[in-house]
Amino acid sequence: MGSRPGQALPAMRRWRMAATWLCACLALTLPPCAHSAAPKRAKALAVLKASPEARLIEIYRLVGASQARKALIQAEALTRDVPNFQLAQLVYGDLLLAQHGQLSALQMAPPELPASSAMQWGQLRQEAALRLAALTERPPQGAIPRQFVDLPPTTRHAIAVDASRSRLYVFENTAQGMKLLADHYVSLGRLGVDKKEQGDQRTPLGVYFITSRLGGTQLKDFYGPGALTLNYPNEYDRRRGKTGGGIWLHGVPPQNFARSPQSTDGCVVLANDDLAPLLRDMPLRRTPVVIAPQLEWLTPAQAEQERSVARKLVEQWHQARSRGDTKKLLEFYSAQFSSGSADFEQWSRALGQEMVKTRAHESELKDLSILSWRDASEVLIVTFGEVLKGQRSGPVKRQYWGKESGQWKIFFEGVIG
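Our numbering numbers the first residue of the sequence shown as 147 and each following residue consecutively.
See the structure below:
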């Protein structure tokens with residue numbers, strides 16, 4: 147695929163024919179703002195910066211604007227700079243072929259292609275469409291995903307994955323609020339999302355945390371420069387009988403730039419250059435990773451409203467605990483509560499004994515984090531450090547709250563650090 151002008155290989159002719167249809171279809175379906183130098187497109191490209199993806203999108207824009215010569219020059223440069231970017235190679239081959247004829251806007255893969263190549267052609271076309279969508283389907287300015295209810299200053303970053311767009315968003319938690327730092331194309335499970343059992347080749351949906359960092363020397367080349375492991379299955383997953391494990395954010399082999407949109411066994415896979423800053427900057431145990439079928443974005447005012455309600459709920463629980471009011475405190479817990487091997491009855495007895503010991507000690511919640519999840523049920527994931535008055539540190543705990551008959555109840559609580 148990396149041949150230069152004047153060096154076209156006969157063996158690549160069928161792929162170049164496929165590329166003709168690919169680039170034609172995409173050029174004809176580009177949204178209006180991608181056909182002009184509109185401010186929205188310019189702003190989006192500025193966000194994407196000069197990444198290989200941004201360069202590829204600019205090539206599509208030039209094709210759509212009938213500037214084939216400029217597109218060819220930029221495509222040649224991109225394939226030279228990033229020779230393992232397969233989609234860029236395909237478009238470059240298309241533009242070489244276009245020098246000798248006009249583009250045809252057929253919607254199907256060329257019949258000359260063998261079945262395996264036709265499938266790969268379709269996957270590349272899907273990848274191209276998803277990358278192009280990143281240009282126009284930008285998150286609203288200042289908005290954040292609904293799941294990020296309340297994050298403390300000690301949580302420096304947060305990650306959200308929109309499965310419908312094969313897109314991963316990286317947020318920085320600043321003194322002025324959550325800011326979108328970067329976003330990247332990702333590959334997900336071969337059979338889609340909503341993992342339920344071991345080996346189903348689906349990516350899980352839910353709220354997770356990065357638990358460990360694996361360096362490239364610990365892994366095969368298949369995983370790229372490293373991996374960030376997630377705590378799938380979480381307590382909500384276990385409550386619903388979900389099984390499996392080994393869900394990571396990881397990279398690709400050195401000979402690849404990216405993978406097709408649905409090509410993993412359930413992991414979230416990024417280009418190696420996109421993964422590198424995550425491996426470097428994401429703290430363990432505190433960094434949340436949301437994987438949603440489609441992200442719902444809230445304005446700052448909407449987010450503040452949900453934050454206020456959630457904080458009030460946690461504060462009511464904390465006040466009952468600080469007062470040593472065991473009866474009131476137990477009202478916050480579900481009859482289906484569990485903590486490790488302890489069920490509700492065992493937990494309530496242990497809680498009563500603990501309250502007797504700490505009745506005279508008020509506690510403070512530090513680094514409070516509240517995340518939410520909504521599917522068939524509503525869940526809050528609450529993490530905090532509990533420090534008794536007069537002490538400097540205490541255990542880090544995590545609670546899972548769920549709605550039962552319209553009332554929030556804690557169905558899991560445990561120490562995580």
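Don't be surprised by glycine CBs; every beta carbon is placed ideally from N, CA and C.
A quick note: this is a predicted structure, and the numbers were derived from the prediction, not measured.
Could you tell me whether the region 470-487 touches the region 546-557, where touching means 3 or more Cβ pairs closer than 8 Å? Taking 8 Å as the limit for Cβ pairs, the verdict is that the region 546-557 does touch the region 470-487.
Between the C-alpha atoms of Val-455 and Val-528, what's the straight-line distance to the nearest angstrom? Cα-Cα distance, rounded: 13 Å.
Among the residues of its own chain, which have a CB less than 7 Å from the CB of Gly-148, if the five just before and after it don't count? Summary for Gly-148: the model assigns pLDDT 35, below 50, so the residue's position carries little reliability, and this model does not support an answer.
Could you tell me how far apart the beta carbons of Ile-203 and Leu-281 are, in whole angstroms, since I believe they sit closer than 8 Å? The Cβ separation is near 5 Å, so the contact holds.
Which class does Phe-231 belong to by DSSP, given the choice of helix, strand or coil? Coil.
Keeping to the same chain, check which residues put their C-beta closer than 7 Å to that of Arg-311; ignore five residues upstream and five downstream. Scanning its chain for C-beta atoms nearer than 7 Å, with the 5 sequence neighbours on each side dropped, one finds around Arg-311 the residues Leu-276, Ala-279 and Glu-283, in chain order.
What residue range is occupied by the uninterrupted beta strand (DSSP E) comprising Gly-361? Per DSSP, Gly-361 is one residue of the beta strand (DSSP E) stretching across 352-361.
Three-way DSSP call (helix, strand, coil) for Val-209 in this model: Helix at Val-209.
Host alpha helix (DSSP H) of Glu-452 (start-end): From DSSP, the alpha helix (DSSP H) with Glu-452 extends over 446-468.
First through last residue of the beta strand (DSSP E) which encompasses Glu-477: DSSP places Glu-477 outside any beta strand (DSSP E), giving it a letter other than H or E.
What's the C-alpha gap between Asp-521 and Thr-320? Here the C-alpha atom of Asp-521 lies approximately 29 Å from the C-alpha atom of Thr-320.
Relative to the C-alpha of Gly-412, which candidate in Ala-214, Gln-401 and Leu-376 has its C-alpha closest? Ranking Ala-214, Gln-401 and Leu-376 by Cα distance to Gly-412 puts Leu-376 first.
To which residues of the same chain is Met-501 closer than 6 Å at the C-beta, ignoring the five residues directly before and after it? Only Gly-470 and Thr-472 meet the Cβ criterion.
Could you check the C-alpha separation between Ile-290 and Gly-486 for me, to the nearest Å? Within the model, the alpha-carbon separation for Ile-290 versus Gly-486 is close to 33 Å.
Is it the case that the region 408-427 contacts the region 347-359, given that we only count it when at least three CB pairs across the two stretches are under 8 Å? A contact between stretches requires three or more CB pairs, one per stretch, nearer than 8 Å, and the region 347-359 meets this requirement with the region 408-427.
Please identify the residue among Pro-541, Pro-198 and Leu-444 whose C-alpha is closest to the C-alpha of Pro-286. Leu-444 is the residue among Pro-541, Pro-198 and Leu-444 whose C-alpha sits nearest the C-alpha of Pro-286.
Own chain, CB closer than 8 Å to Gln-231, minus 5 neighbours either side, in chain order: Reading off the sequence, residue 231 comes out as Phe, not Gln. Around Phe-231: Pro-198, Leu-202, Leu-224, Thr-225, Phe-403 and Ala-404.
Using alpha carbons as the reference points, say which of Arg-313, Leu-314, Arg-292 and Glu-318 lies closest to Pro-298. For Pro-298, the nearest C-alpha among the options comes from Glu-318.
With a threshold of 16 other CB atoms inside 10 Å of the CB of Lys-388, please say whether the residue is buried or exposed. Buried, because 16 or more other Cβ atoms sit within 10 Å of the Cβ of Lys-388.
Whole-angstrom distance between Phe-530 and Pro-541, CA atom to CA atom: So the two alpha carbons sit approximately 8 Å from each other.
Which partner residues does Phe-558 have in the DSSP bridge list? Paired residues: Ser-484 and Tyr-546.
What's the call for Met-163, buried or exposed, on a 16-neighbour Cβ count within 10 Å? Legend: pLDDT at Met-163 = 46, less than 50; position of this residue unreliable, value from coordinates given subsequently. It is buried - the Cβ of Met-163 has at least 16 other Cβ atoms within 10 Å.
Spatially closest choice to Trp-554 from Arg-457, Gly-498 and Glu-508, by CA coordinates: Checked all of Arg-457, Gly-498 and Glu-508; the closest Cα to Trp-554 is Arg-457.
In three-state DSSP terms, what is Met-428? DSSP, read as helix, strand or coil, puts Met-428 in coil.
Return the CA-CA distance between Asp-420 and Ala-438, expressed in angstroms with no decimal places. Answer to the nearest angstrom: the Cα atoms are 20 Å apart.
Straight-line gap, Tyr-378 to Asp-489 (C-alpha atoms, nearest Å): One C-alpha to the other measures close to 22 Å.
Taking the straight line between their C-alpha atoms, what separation do you get for Gln-499 and Glu-461? Distance between the alpha carbons of Gln-499 and Glu-461: 22 Å.
Going by DSSP, what residue range makes up the beta strand (DSSP E) through Asp-308? Taken as a continuous stretch (DSSP letters only), the beta strand (DSSP E) holding Asp-308 covers 303-308.
Between the alpha carbons of Asn-380 and Gly-390, how many angstroms are there, rounded? Going from the Cα of Asn-380 to the Cα of Gly-390 covers about 11 Å.
Closest by C-alpha distance to Pro-399, when choosing among Lys-512, Val-415, Leu-517 and Pro-407: Relative to the Cα of Pro-399, the nearest Cα in the group Lys-512, Val-415, Leu-517 and Pro-407 belongs to Val-415.
Along the chain, where does the alpha helix (DSSP H) that runs through Asp-383 open and close? According to the DSSP assignment, Asp-383 belongs to the alpha helix (DSSP H) that extends over 381-385.
Return the residue from the list Leu-511, Ser-523, Phe-355 and Thr-433 that minimises the CA-CA distance to Gln-465. Gln-465 has its Cα closest to that of Leu-511, out of Leu-511, Ser-523, Phe-355 and Thr-433.
Same chain, Cβ closer than 8 Å to Leu-475, five either side skipped, listed in chain order: For Leu-475, same chain residues with a beta-carbon under 8 Å away, outside a window of 5 residues either side, are Trp-463, Ala-466, Arg-467, Leu-497 and Met-501 in chain order.
Leaving out five residues on either side along the sequence, give the residues of the same chain with a beta carbon under 8 Å from the beta carbon of Met-324. Apart from the 5 residues on each side of it in sequence, Met-324 sits with its Cβ closer than 8 Å to the Cβ of Ile-290, Phe-294, Leu-297, Ala-304, Phe-317 and Glu-318 in its chain, given in chain order.
So, are the CB atoms of Gly-372 and Leu-425 less than 7 Å apart? Yes. Within cutoff.
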